[in-house]
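The sequence shown runs 9 to 192 under this note's numbering.
Below: the structure, in structure tokens.
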Amino acid sequence: MPNPITHLIWGYFIARGFSKDPKYLAFGMLFAICLDFDYLIPGVAHHGWIHTPLFVMGLSAMIWLVSRDKLLLALSLSIMMTHLVFDTIATQDPIMWLWPVSTEAYALWTISDLAALVVIKVYLILIPVMWIWETWKRTGESPMAVFEWLDARIPRPVLYGAAASAGALLVFVWYTDYMWMLTA
9 MPNPITHLIW
19 GYFIARGFSK
29 DPKYLAFGML
39 FAICLDFDYL
49 IPGVAHHGWI
59 HTPLFVMGLS
69 AMIWLVSRDK
79 LLLALSLSIM
89 MTHLVFDTIA
99 TQDPIMWLWP
109 VSTEAYALWT
119 ISDLAALVVI
129 KVYLILIPVM
139 WIWETWKRTG
149 ESPMAVFEWL
159 DARIPRPVLY
169 GAAASAGALL
179 VFVWYTDYMW
189 MLTA
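Printed below as a string of structure tokens:
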């Protein structure tokens, strides 16, 4: 299972493929990690019904109904489905792809070796980071434009508090994943 940082980077990467508009980059990064908020919901299992294609399609439909933005619909579907694919590639918690018809969980590669999982995560991070870096060098476009866009629209104390809270949450989620793997 990729960590939240990997999901964020891939969310940026996919959103950048759709648009250079920082608004869509910010939404892409949000869509990339929103499925992992199931960690915060008491009584909901991680990689349970929230990590299913049916939930992703329902959430994307709600996003489209609220925004009426077809690009947001395409972004949410593609990025959240990519989240499921990455969580299926190498994981200890398979995904229920056929839920609610079946509760059987699927994984392409179930990993019990922490070192192998770390190697996969590093490559899943490096691929989009290198593409973003090369694009920035070639075009002069800043990968930080999404933060500049947010800074112009959200008061700094709120933005910095939210960024610090999100960062602490990401570290906590990643830490608990590894601690669970080490103790299992």
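Think of the CB as a built atom: it goes at the ideal place given N, C-alpha and C, for glycine as much as any other residue.
Predicted, not measured: the structure shown is a model, and the values here were computed from it.
- For isoleucine 58, no alpha helix (DSSP H) run applies, since DSSP gives it neither H nor E.
- Taking 8 Å as the upper bound for CB-CB distance, phenylalanine 35 and leucine 83 are in contact here, some 6 Å apart.
- In the three-state scheme derived from DSSP, where H, G and I count as helix and E and B as strand, threonine 96 is classed as helix.
- Look at the beta carbons and you see the stretch 91-104 not touching the stretch 71-79: under three pairs across the two are nearer than 8 Å.
- Between the alpha carbons of glycine 148 and leucine 73 lies a gap of roughly 36 Å.
- In the structure shown, isoleucine 13 falls within a helical segment according to DSSP collapsed to helix, strand and coil.
- Taking all protein chains in view, the Cβ of threonine 99 is crowded by 16 or more other Cβ atoms within 10 Å, so the residue is classified as buried.
- Looking at the DSSP output, isoleucine 22 sits in no beta bridge, so it has no partner there.
- A direct Cα-to-Cα measurement between methionine 138 and proline 30 gives close to 19 Å.
- In the DSSP assignment, alanine 115 falls outside any alpha helix (DSSP H), carrying neither H nor E.
- With contact defined as three or more Cβ pairs closer than 8 Å, the stretch 54-63 and the stretch 107-116 are in contact.
- For isoleucine 103, the beta-bridge partners assigned by DSSP are Tyr114.
- The DSSP-derived three-state label of isoleucine 41 is helix.
- C-alpha of isoleucine 140 to C-alpha of leucine 177: approximately 25 Å in a straight line.
- Residue state for aspartate 77 is assigned as coil, using DSSP reduced to three classes.
- Across the set Val64, Ala40, Ala115 and Ala53, the C-alpha of Ala40 shows the shortest separation from the C-alpha of glycine 19.
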